[in-house]
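Single-structure report; data block below.
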Amino acid sequence: MARATARHILVPTEAKCNELKAAIEGGADFAQVAKDNSTCPSGRQGGDLGSFGPGQMVKEFDTVVFSAPLNVVQGPVKTQFGYHLLEVTSRQD
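Its first residue numbered 1, the sequence shown is counted upward by one per residue in the UniProt record's numbering.
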């Protein structure tokens, strides 16, 4: 069964999500940006979500996590919770 590890940053607006993505692409540390900005409790751990399989996260999240290249920040991804930046850190098929 497929498994992935990922980290994310959750914010309430697409504009904030784009602002944070630009900061990360400009050299800001993903984990620090998550700690400083994410509204998800995982932000305290730098956005780390641990390991999970398909179907354990919301559909929009799953679609990105199980198709995106590794270690490339994806997003904004809109879900019922807000806007996410995602980074898939590992995946096993």
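Even glycine gets a Cβ: it sits at the ideal position worked out from N, Cα and C. Keep in mind that this is a model prediction, so the values were computed, not measured.
For this session: Leaving out five residues on either side along the sequence, give the residues of the same chain with a beta carbon under 8 Å from the beta carbon of Lys16.
Result: Asn37, Tyr83
Problem set entry | Opening and closing residue of the alpha helix (DSSP H) in which Asp29 lies | That residue, Asp29, is in no alpha helix (DSSP H); it is neither H nor E in DSSP.
Problem set entry | Local Cβ density within 10 Å of Pro54, reported as buried at 16 or more and exposed below that | exposed
Exercise. Can you tell me whether Pro41 is buried or exposed, with buried defined as 16 or more other CB within 10 angstroms of its CB?
Worked result: exposed
Exercise. Are there three or more Cβ pairs, one per stretch, closer than 8 Å when the region 62-71 is compared with the region 10-27?
Worked result: no
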